[in-house]
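Worksheet: the structure to be examined is printed underneath.
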Amino acid sequence: MGLTPNEIRNQEFSSSIMRGYTRSEVEAFKEAAATALEEAKVELLKLTEENKGLSGKYQDLKNFEETLKSSVIEAQKGAEQTLANSKKEAELIITDAKQKRDEIIEDKHRKLAELETRIHELEFTRKSFYARLKSEIESYLKLINQAESDLSVKIEYPDNQNMNRIAEHVQHDNNGQND
Numbered sequence: 238m239g240l241t242p243n244e245i246r247n248q249e250f251s252s253s254i255m256r257g258y259t260r261s262e263v264e265a266f267k268e269a270a271a272t273a274l275e276e277a278k279v280e281l282l283k284l285t286e287e288n289k290g291l292s293g294k295y296q297d298l299k300n301f302e303e304t305l306k307s308s309v310i311e312a313q314k315g316a317e318q319t320l321a322n323s324k325k326e327a328e329l330i331i332t333d334a335k336q337k338r339d340e341i342i343e344d345k346h347r348k349l350a351e352l353e354t355r356i357h358e359l360e361f362t363r364k365s366f367y368a369r370l371k372s373e374i375e376s377y378l379k380l381i382n383q384a385e386s387d388l389s390v391k392i393e394y395p396d397n398q399n400m401n402r403i404a405e406h407v408q409h410d411n412n413g414q415n416d
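According to this note's numbering, the sequence shown is numbered sequentially starting from 238.
Pasting the structure below:
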């Protein structure tokens, strides 16, 4: 600014004889202009200080904004990395689970085949045992039936005449052996 309030107050005007200004009006105007200029300077200083404060706050906010942006970017990168790691880990878990499932299924199929083989073997053994047992029982039944029929035959005791014939026959056999 070119003029100060004091320069306005101390400004002197030359007076002319012919048409001049009223001194009191000029002084009042100078005083009003100086006061307005002083107020404007005070307001300018106040606004300058306020501007400095706001500039500092603006810079702080700008720095905070940059920090937030950086934090958001880092958080986003971290989240993406965590997601990628989680996906890889999930894939590994799924692959491992599928492999274990396949091993379990294969083991169960093998055990099932073993059980089926064992069942067939036991069935064959059972049938063989049953056939042998049946054969044995049938043999014993035949023996029992034969024994019953043998026991049911009437035993006849020889009478005297028959006894004599048997005795002769035995004697004849004995004589023939002695010759």
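Note that the Cβ used here is the ideal one computed from N, Cα and C, for glycine as well.
Nearest-angstrom Cα separation, counted from residue j out to residue i
i: Q336; j: K345; result: 14 Å
i: Y295; j: S307; result: 18 Å
i: Q248; j: S292; result: 38 Å
i: E343; j: S372; result: 43 Å
i: G290; j: K314; result: 36 Å
i: N412; j: E405; result: 10 Å
i: A265; j: E286; result: 31 Å
i: T332; j: R338; result: 10 Å
i: T267; j: N288; result: The displayed chain sequence assigns Lys, not Thr, to residue 267. Rounded to whole angstroms, K267 to N288 spans 30 Å at the Cα level.
Buried versus exposed call for residue i [16 or more other C-beta atoms within 10 Å across all chains shown]
i: A312; result: exposed
i: A316; result: exposed
i: N277; result: A quick correction: the sequence has Ala, not Asn, at residue 277. By the neighbour-count rule (16 or more Cβ atoms within 10 Å), A277 is not buried but exposed.
i: A271; result: buried
Nearest-angstrom Cβ-Cβ length linking residue i and residue j, presumed shorter than 8 Å
i: L274; j: P242; result: 5 Å
Closer than 7 Å to chain D by CB, residue i
i: N243; result: Of the protein chains in the structure, only one exists, and it is not chain D.
Scan the region 261 to 290 and note each continuous alpha helix (DSSP H) run of 4 residues or more that stays entirely inside, going in chain order. Those alpha helix (DSSP H) runs which fall completely within the region 261 to 290 and span 4+ residues do not exist here.
Can you list the alpha helix (DSSP H) stretches of 4 or more residues lying completely in the region 349 to 408, in chain order? Runs found: none.
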